[in-house]
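In terms of mature numbering (1 follows the signal peptide of the UniProt record, and there is no 0), the sequence shown is residues -22 to -1, 1 to 410. Structure, as structure tokens:
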Amino acid sequence: MKKLIYQCFAICFATTATFAQATISPAKPQSQTIAIVGGTIHIGNGKIIENGTIIFSNGKITSVKEGNAQPQDIMVVQAQGKQIYPGFIAPVNMMGLVEIETVRATVDAEETGTINPHVRSLIAYNTDSRIIPTVRSNGILLSQPTPQGGLVSGTSSVVQLDAWNWEDAAYKKDIAVHFNWPSSALRYGRRAGGLTEEQQKQRYQKQMADLKIYFEEAKAYADVDKPNTFNARFDAMKGLFNGTKKAFVNVDKQKDIILAVKFFQEFGIAPVLVGAEEAVEITPFLKEHNVPIIMYQSHSLPYNDDDDVYLPYKNAKILHDAGLLIAMSVEGYWQERNLPFMAGTAAAYGLSKEEALALITSNTAKILGIDNITGTLEAGKDANIIISSGDALDMRTNNIEGAFIQGRMIDLNNVQKQLYKKYADKYGIKAD
């Protein structure tokens, strides 16, 4: 087969720039071995290979090594001067479940009721969302669309962001059940929702009692090999007790964090904390119990009024130095495009660039339980790869020129690029 030399991904994708987003189709399976040659390879686990070569075939990485020798009889992508990363992973978000918040028909992130572990966000995931191509063009290739609401929100899966439908998108199914831990904090004014202090305390006590009873019943159901009556809500919880699913717990206050960790461990479950705004106050406890954390975006106000105004920027460094396994998420859905820049801010406030990269690659993969197949650029793992002309964690230099999901070359066009080209042409501006 004739050796092909690709000097730049811009050539590959420029031909699609004038088409409507509806014509942006999922890529076909990898049909030939590909080598990315000459770039700086960020493995995702802290290691860097200057002037390296990555070779992948049938969707899997076969070789990652130093040097830029030109392999024979395979497709070669020249990447001299470029930065090569594992595809970024966006955990705990609503992308693909919400399109326009003010249009109810496009919102499918929450089920009625308070205890819904059997509700699967995967089957509501919309692969035709116009948000996905925009997020993908900033380097995010995997996501975890997550159900919302209630005490037990539902079950989430990991999806890859280049698919015809939710079945194609499924990367790892039903990995976690999501919980909203009852808050013990008293609220005042409008935030109290018209409830007195006593009513708030009673509501909290009832929520805790309901959760305890539900777990005891679910555990008893899971201990029976063949229950006489099938119960979808209990059946969805089985994975928590046998270790095939994870418990993701939204909780912020340090008192509530401690209670939540002890509650789940009482049932033999190792929880993953989501948000955990006050986790920095109890790092010894979290380290002792080996609790991983998915923290929310660094670009935010402090959780408490009297906190250091820069604390959201420093949180990642504090938790990392405490020896905790941490990853980063961005609340919402369209905001996911800023995920790499949130990690970049963590680097500006104490983490090294490679440690910050791990927040959205290898650490996330470990927490989601997919680190055996993705999260780092290593032989045997899926070829989920992005190529940027500059530092992908810096919004000034992030310029994703190429992306592969399981070896498939992804179309990086999106509606924003189309609009830019449209009006650049109209006003005679030279489009980059």
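Ideal Cβ placement from N, Cα and C applies to all residues, glycine included.
Selection ASN391, PHE157 and GLN313 evaluated against GLU79 yields GLN313 as nearest (Cα-Cα). When secondary structure is reduced to three states using DSSP, HIS96 falls in the coil class, being assigned neither helix nor strand.
Distances from the alpha-carbon of GLY24 to those of LEU335, GLY380, GLY385 and GLN183 put LEU335 closest. Across the set GLU44, GLY37 and ALA13, the C-alpha of GLU44 shows the shortest separation from the C-alpha of GLU28. Separation of LEU139 and LEU119 (C-alpha to C-alpha, rounded to the nearest whole angstrom) is 5 Å.
Contact check between the stretch 37 to 52 and the stretch 320 to 340: fewer than three CB pairs, one atom from each, fall below 8 Å, which does not count as touching. The three-state reading of DSSP puts TYR405 in coil, since its state is none of H, G, I, E or B. For ASN391 against PRO160, the beta-carbon gap comes to about 45 Å, at or over 8 Å, which does not count as contact. With respect to GLY117, ILE378 sits close: the two C-beta atoms are nearer than 7 Å.
For ALA187, the closest of ILE338, LEU129, VAL137 and ASP152 by C-alpha to C-alpha distance is LEU129.
THR84 is classed as exposed because its beta carbon has fewer than 16 other beta carbons within 10 Å across all chains shown.
According to DSSP, residue pairing for HIS20 in a beta bridge involves ILE26. In the three-state reduction of the DSSP assignment, ILE236 falls in the helix class. Assigned with DSSP and collapsed to three states, GLY132 falls in strand.
If you look at GLN56, you'll find it in the beta strand (DSSP E) that goes 53 to 56. For LYS150, the uninterrupted beta strand (DSSP E) run begins and ends at 148 to 158, by DSSP.
Judged by DSSP in its simplified three-state form, ARG315 adopts helix.
Less than 7 Å separates the beta-carbon of LEU251 from that of VAL227.
Residue pairing by DSSP places LYS38 opposite SER35 and ASP360 in a beta bridge.
Annotated three-state conformation of PRO290 is helix, per DSSP. Rounded to the nearest angstrom, the gap between the Cα atoms of ASN158 and PRO69 is 16 Å.
Proximity of the stretch 89 to 97 to the stretch 330 to 344 falls short of the contact definition, fewer than three beta-carbon pairs being nearer than 8 Å.
Residue state for GLU88 is assigned as strand, using DSSP reduced to three classes. Per DSSP, the continuous beta strand (DSSP E) segment holding TYR63 begins and ends at 61 to 64.
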